[in-house]
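Below is one structure, written out as structure tokens; the observations come after it.
Number of protein chains: 2
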Amino acid sequence: MSLPQPVRLYDQPRAPNPRRVNIFLAEKGLEVERVNVDLMAGAHKQPDYLVKVGVPQVPALELNDGTVLTETVVICRYFEALQPEPNMMGRDVMEQITIEKWQRQIEFRLFATVAACFRHTNPHLAVLEDQCADWGEVNRGRLDARLGELDQRLAGREWIAADRLTIADITALVAVEFLRVVKHPIPESYANLLAWLERMRARPSAAL
Amino acid sequence: MSLPQPVRLYDQPRAPNPRRVNIFLAEKGLEVERVNVDLMAGAHKQPDYLVKVGVPQVPALELNDGTVLTETVVICRYFEALQPEPNMMGRDVMEQITIEKWQRQIEFRLFATVAACFRHTNPHLAVLEDQCADWGEVNRGRLDARLGELDQRLAGREWIAADRLTIADITALVAVEFLRVVKHPIPESYANLLAWLERMRARPSAAL
């Protein structure tokens, strides 16, 4: 089946969700035209952007049939269909399901926790968010336990969801590296997690 | 490809995420053995449950090869593969992507907002959650705008993501009906949303 082709990616390289797509594209060896959206200036909340994209979010991907895709995982799934190798979302049904399970588990339990900590405790975000400092601190208090879940999953495993790097590893890498922004160190006892992080950081895509 | 078969679904019919799976199964006409997990008694946080399922969540689905699936959407994707008709997650790549886009958009923007309002403002939940009343009220304050996005999407459309009922409609139905629990009425001006809700409620699956 012939797919519509990518036109441009609405991007913001410093933000975690666009970074997930950028790492995914680097691992695929794919290039796409990018437009940087100035989140701190609220460019994603301007009427023109909302008419085109539908929601105040980056990343978004415009295709040459007029479709605009939102949602990080959806954009990755499109690129996986456009260029299946290297496969990062599963070769058969059960592998797809297993990878999606881990991707979502990391997204909801770890990535969302780091993001909430950042959004609700960082003074620079006060212009963009209805901040609740208490909620930010609740999330900060959960970080070590959530990192521990990832450490436990990585015991005796090289990658999170399959015998190779998948989208689950990318979601986890971006979440873990965002800990720096909320000034939360990884506990030194999480040796499985730290060894995996070293493997991830050795890849050229991690420099993005 | 032959898939492992379902053994039992860890369920809690009154909770929103298990309800999504139950409606999905009813629309497929599938039956599965169920075990009710008593969330208010913390049964999902007991060591036996955590060893089996990995995370303190329902729904979870045990398969006859020992796999335990978590994540509502992942469980639905398994059942979609097990019995493809009626199709609710897409017949080809672009339809799958479009349905996933709407499913996630509703999940993150509407469903999560209703859930946060419930978790952080309902006194009965204080035993299970680190409640932040301010955060609950921020989410309550967003509900009408998020319902408005859904109303706008449904202008001139019978269903949210395709020419038939999909998983996106199920996620939206469960979110919208959970408004009753947080005592938030749907604004009467949202005529597209109210007409869609009537269509959804006319289906036998909505009685679950």
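Residue numbers (this note's numbering), protein chains in the order written: chain B, 1490 to 1697; chain S, 1490 to 1697. Beta carbons: idealized from backbone N, C-alpha and C, even for Gly. From a predicted model like this one, the values you see are computed outputs, not experimental measurements.
Run of the alpha helix (DSSP H) containing Asn1511 of chain B, from where it starts to where it stops:
Here the alpha helix (DSSP H) through Asn1511 of chain B covers 1505-1517.
From the DSSP output, which residues share a beta bridge with Leu1654 of chain B?
In the DSSP output, where bridge partners are listed per residue, Leu1654 of chain B has none listed.
Please say whether Thr1655 of chain B and Ile1595 of chain B have beta carbons closer to each other than 8 angstroms?
Cβ distance not < 8 angstroms, so Ile1595 of chain B and Thr1655 of chain B don't count as in contact.
Element boundaries [beta strand (DSSP E), containing Asn1525 of chain S]:
Note, Asn1525 of chain S: beta strand (DSSP E), 1523-1525.
Near-chain S residues of the stretch 1564-1586 of chain B (beta-carbon distance less than 8 angstroms), N- to C-terminal order:
Flagged, chain order: Arg1566, Tyr1567, Ala1570, Asp1581, Val1582, Met1583, Gln1585, Ile1586.
Return the CA-CA distance between Pro1573 of chain B and Gly1579 of chain S, expressed in angstroms with no decimal places.
Going from the Cα of Pro1573 of chain B to the Cα of Gly1579 of chain S covers about 19 angstroms.
Alpha carbon to alpha carbon, what distance is there between Pro1536 of chain B and Arg1593 of chain B?
Counting only the Cα atoms, Pro1536 of chain B lies some 31 angstroms from Arg1593 of chain B.
Contact set between Gln1594 of chain B and chain S, taken where Cβ atoms lie within less than 7 angstroms
Result: Val1544, Thr1559, Glu1560.
With a Cβ-Cβ cutoff of 8 angstroms, do Arg1631 of chain S and Glu1618 of chain S count as a contact?
Going by C-beta atoms, Arg1631 of chain S is not nearer than 8 angstroms to Glu1618 of chain S.
Taking 8 angstroms as the threshold (C-beta atoms), are Val1547 of chain S and Ile1500 of chain S in contact?
Correcting the residue type first, residue 1500 of chain S is Asp in the shown sequence and not Ile. Their beta carbons are under 8 angstroms apart, which means Asp1500 of chain S touches Val1547 of chain S by this criterion.
Helix, strand or coil, according to DSSP, for Glu1551 of chain B in the structure here?
In the three-state scheme derived from DSSP, where H, G and I count as helix and E and B as strand, Glu1551 of chain B is classed as strand.
When the Cα of Phe1568 of chain B is compared with those of B:Leu1550, B:Gln1585, B:Val1544, B:Gly1555, which residue comes out closest?
With distances taken between Cα atoms, Phe1568 of chain B lies closest to B:Leu1550.
Put Pro1693 of chain B into one of helix, strand or coil per three-state DSSP.
Looking at Pro1693 of chain B - three-state DSSP - the assignment turns out to be helix.
Under 7 angstroms by beta carbon: chain S residues contacting Cys1621 of chain B:
Those within 7 angstroms of Cys1621 of chain B in chain S are Cys1621, Asp1623, Trp1624, Val1627.
Along the chain, where does the beta strand (DSSP E) containing Leu1770 of chain S start, and where does it finish?
Nothing can be reported for residue 1770 of chain S: it is not among the residues displayed for chain S, which extend from 1490 to 1697.
Return yes when the Cβ of Arg1509 of chain S is within less than 8 angstroms of the Cβ of Val1663 of chain S, no when it is not.
It is a contact, given that the beta carbons lie within the stated cut-off.
Would you check if there are 3 or more beta carbon pairs closer than 8 angstroms linking the stretch 1515-1535 of chain S to the stretch 1690-1697 of chain S?
Judged by Cβ distances under 8 angstroms, the stretch 1515-1535 of chain S makes contact with the stretch 1690-1697 of chain S, as three or more pairs qualify.
Coarse secondary structure for Val1670 of chain B, derived from DSSP in three states
It is coil, neither helix nor strand.
Just to confirm before moving on: does the CB-CB distance between Val1627 of chain B and Cys1621 of chain S stay below 8 angstroms?
In contact: Val1627 of chain B and Cys1621 of chain S (Cβ atoms closer than 8 angstroms).
Closer than 8 angstroms at the beta carbon, the chain C residues around Lys1590 of chain B
This model lacks chain C altogether, as its protein chains are B and S.
Leu1563 of chain S - containing alpha helix (DSSP H), residue span
The question names Leu, yet the displayed sequence has Val at residue 1563 of chain S. First-last of the alpha helix (DSSP H) with Val1563 of chain S: 1561-1571.
Considering Cα atoms alone, identify which of S:Asn1681, S:Thr1610, S:Glu1647 is closest to Leu1668 of chain S.
Taking only the C-alpha atoms, the option nearest Leu1668 of chain S is S:Thr1610.
With 8 angstroms set as the bound, which would you pick, yes or no: does the beta-carbon of Arg1692 of chain S sit closer than that to a beta-carbon of chain B?
At a cut-off of 8 angstroms between beta carbons, Arg1692 of chain S makes no contact with chain B.
Under 8 angstroms by beta carbon: chain B residues contacting Arg1598 of chain S
Residues of chain B passing the Cβ test: Val1544.
What would DSSP say about Leu1558 of chain S, mapped onto helix, strand or coil?
Note: Leu1558 of chain S maps to strand in three-state DSSP.
What is the C-beta distance between Lys1590 of chain S and Val1524 of chain B, in whole angstroms, given that I count them as a contact (C-beta under 8 angstroms)?
The Cβ separation is near 19 angstroms, so there is no contact.
Rounded to a whole number of angstroms, what is the C-alpha to C-alpha distance between Arg1497 of chain S and Ile1512 of chain S?
For Arg1497 of chain S and Ile1512 of chain S, the distance between alpha carbons rounds to 16 angstroms.
Closer than 9 angstroms at the beta carbon, the chain S residues around Leu1643 of chain B:
The contacting residues do not exist; Leu1643 of chain B stays about 14 angstroms from chain S at best.
Chain B within 8 angstroms of Leu1492 of chain S, Cβ atoms only:
Yes, contact with chain B.
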